[in-house]
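Before any comments, here is the structure.
2 protein chains.
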Amino acid sequence: MTEPTGRRERKKAQTRQSLADAALELFLDRGYDQVGVKDVADAADVSVTTLFKHFPSKEALVFDQDDDLEAALVAAVRDRAPGRSIPQALREHILLARTQLAVHATDPRFADFTRMVRETPALRDYAHRMWTRHEAALALAIAEAVGAPEDDLGCAALAHFALEARGLILRHPEPHRAADEAFALLEHGWTASHPGS
Amino acid sequence: MTEPTGRRERKKAQTRQSLADAALELFLDRGYDQVGVKDVADAADVSVTTLFKHFPSKEALVFDQDDDLEAALVAAVRDRAPGRSIPQALREHILLARTQLAVHATDPRFADFTRMVRETPALRDYAHRMWTRHEAALALAIAEAVGAPEDDLGCAALAHFALEARGLILRHPEPHRAADEAFALLEHGWTASHPGS
DNA sequence: CTGTAAAAGTTGAGCCGTTGCACTTTTTGA
DNA sequence: TCAAAAAGTGCAACGGCTCAACTTTTACAG
């Protein structure tokens with residue numbers, strides 16, 4: 678009984694799912710700021726306190742756990758195609774992962790969802806924090822990839838800028854072009870001091 | 678009577694000052710999160726409603742108006758010493774302005790103040806927003822300085838990264854070294870596509 | 001099975017920052 | 001002198017979030 682532990686966790690997961698579903702439904706329908714946590718709790722037929730036992734904040738109702746995010750980020754650097762520079766690998770990863778932290782990327786209303794996140798300050802900031810939280814891990818991965826000391830400032834700077842580039846990219850009407858330009862800048866600055874790819 | 682308008686504005690300014698002083702005192706004494714707006718209002722002998730007539734939020738009690746900030750930022754680019762690159766000018770400006778958005782830079786407890794801002798998430802985020810709010814203006818100033826179109830992506834990227842570099846710099850134990858490294862990266866990436874300084 | 005104690009879940013009351021409203025007082029300028 | 005503007009006040013309320021207490025469910029010993 679180590680993995681699919683009992684019938685209890687199932688109910689718990691179900692309640693959690695009901696909350697996430699109700700929240701997405703209401704938020705997309707009326708707008709994030711026009712829906713209170715009480716509305717979500719009522720729609721899922723639980724109390725507000727119960728809601729906060731499942732999700733640490735109102736914003737978290739919309740995002741899934743970010744555990745994989747860090748691993749994927751580190752892997753993008755470590756397992757990059759041979760000959761590909763680290764900034765290039767990061768540009769690619771960020772453009773791809775852009776659509777991956779949603780609750781359900783397969784939902785037909787996915788476009789509405791991303792628009793809501795982009796236009797709601799609270800959600801935008803929350804998503805941004807989910808990324809920057811892994812800055813230290815990314816800096817370490819970069820340092821390992823180039824054989825630099827683990828607290829190397831150049832690696833820390835690249836990690837910082839690469840993650841912050843996301844904000845610039847997402848709010849631009851042509852994300853792909855913005856990414857190219859932003860990472861071209863990092864690419865040149867980076868290879869100047871790290872000749873090896 | 679255009680400038681030192683009457684005795685009324687004096688009282689208003691005085692009330693405002695009382696609030697800022699009381700807030701700083703209490704925050705440094707007990708810690709930002711351990712003091713409620715009610716405590717500050719009581720200490721300044723006004724009602725909570727009045728407090729919010731003077732300051733738009735609890736965080737704003739600690740920072741002065743940021744009107745000059747944008748002008749100084751633009752000026753740092755426009756009036757930089759001849760031969761000095763834009764990234765270099767920005768590095769210098771950010772290192773200098775680092776200590777300038779406080780209420781009273783002359784206060785003997787200034788070190789405690791900066792430490793509090795650095796360690797209190799709400800204040801750290803607020804200060805960060807004060808900076809990034811002027812990103813568009815900075816991007817425009819850069820574009821003008823190099824004769825690029827006003828929506829040039831490279832200029833926007835440099836503006837974005839330069840302002841975001843602040844976070845990296847402030848949390849590092851040796852801000853000066855961190856600034857050198859971060860802006861060296863930007864410098865190389867920037868001059869690669871903008872040969873003229 | 002049964003009894004029991006920990007764990008999980010739930011609840012209502014309440015804190016904190018913030019806003020709106022109705023009202024009094026002060027200042028200003030005609 | 002009078003009226004309009006502005007500053008201040010108290011109160012009630014809202015939204016996000018937490019706490020202490022209570023009820024259910026599960027796990028396990030006998």
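Protein sequence lines, in the order shown, are assigned to chains A and B. Just so we're aligned, residue 678 is where the first sequence starts under the numbering used here, counting upward by one. Just so we're aligned, residue 678 is where the second sequence starts under the numbering used here, counting upward by one. Note that beta-carbon positions come from the ideal geometry of N, C-alpha and C, so glycine has one too.
Beta carbon proximity, residue i to chain B, threshold 8 Å
i	result
glutamate 736 of chain A	no
histidine 865 of chain A	yes
alanine 839 of chain A	no
leucine 750 of chain A	no
glutamate 877 of chain A	A query on residue 877 of chain A cannot be resolved here, the shown segment of chain A reaching from 678 to 874 and no further.
leucine 845 of chain A	yes
arginine 800 of chain A	Note on residue identity: the sequence assigns leucine, not arginine, to residue 800 of chain A. False, the Cβ-Cβ gap to chain B never drops below 8 Å.
Reference residue i, options the options, closest by Cα
i	options	result
proline 764 of chain B	B:Arg854, B:Arg848, B:Ala836	B:Ala836
glutamine 742 of chain A	A:His731, A:Ala752, A:Val751	A:His731
arginine 757 of chain A	A:Val823, A:Arg775, A:Phe787, A:Leu840	A:Val823
glycine 831 of chain A	A:Asp857, A:Arg801, A:Glu864	A:Glu864
threonine 868 of chain A	B:Thr692, B:Ala861, B:Val754	B:Ala861
glutamine 691 of chain B	B:Ala788, B:Gly713, B:Thr727, B:Tyr709	B:Thr727
histidine 871 of chain B	B:Glu858, B:His853, B:Asp857, B:Ala820	B:Ala820
alanine 818 of chain A	A:Arg687, A:Tyr709, A:Phe729, A:Val754	A:Val754
phenylalanine 729 of chain A	A:Arg693, A:Gln711, A:Asp802	A:Arg693
Opening and closing residue of the alpha helix (DSSP H) in which residue i lies
i	result
arginine 848 of chain B	830-848
valine 754 of chain A	744-755
valine 823 of chain A	812-823
histidine 770 of chain A	763-774
tyrosine 709 of chain B	Taken as a continuous stretch (DSSP letters only), tyrosine 709 of chain B belongs to no alpha helix (DSSP H), as it is neither H nor E.
glutamate 796 of chain A	787-796
histidine 731 of chain A	725-731
serine 870 of chain A	852-870
Cutoff 8 Å: residue i Cβ touching any chain A Cβ
i	result
leucine 835 of chain B	yes
leucine 696 of chain B	no
arginine 854 of chain B	yes
alanine 869 of chain B	yes
glycine 824 of chain B	no
glycine 713 of chain B	no
leucine 830 of chain B	yes
leucine 862 of chain B	yes
Residues of its chain near residue i, where Cβ-Cβ distance is below 8 Å and the 5 sequence neighbours each way are ignored
i	result
alanine 699 of chain B	Val717, Ala720, Ala721
leucine 800 of chain B	Tyr709, Glu736, Val739, Met793, Val794
serine 724 of chain A	Ala718
lysine 715 of chain A	Val725
leucine 772 of chain A	Ile846, Pro852, His853, Ala856
serine 762 of chain A	Glu864, Trp867, Thr868, Ser874
phenylalanine 838 of chain B	Leu863
Sequence-distant residues of its chain with Cβ nearer than 7 Å to residue i (five each side left out)
i	result
alanine 855 of chain A	Leu845, Ile846, His849
arginine 786 of chain A	Leu705
alanine 859 of chain A	Ala842, Leu845, Ile846
valine 712 of chain B	Leu703, Phe704
Close Cβ partners of residue i (< 6 Å) along its chain, the five nearest in sequence each way excluded
i	result
leucine 750 of chain A	His811, Leu815
alanine 825 of chain B	Cys832
leucine 840 of chain A	Trp808, Thr809, Glu812
glutamate 747 of chain B	His811, Ala814
aspartate 829 of chain A	Ala820
The region 830-847 of chain A in contact with the region 802-813 of chain A per 3-pair CB rule at 8 Å: The count of Cβ pairs closer than 8 Å, one atom from the region 830-847 of chain A and one from the region 802-813 of chain A, reaches three, so the stretches are in contact.
Cβ pair count under 8 Å reaching 3, the region 766-774 of chain B against the region 700-708 of chain B: With the rule of 3 Cβ pairs closer than 8 Å, the region 766-774 of chain B does not count as touching the region 700-708 of chain B.
Touch test, the region 689-699 of chain B against the region 787-806 of chain A, Cβ-Cβ under 8 Å, three pairs minimum: With the cut-off at 8 Å, the region 689-699 of chain B and the region 787-806 of chain A do not touch.
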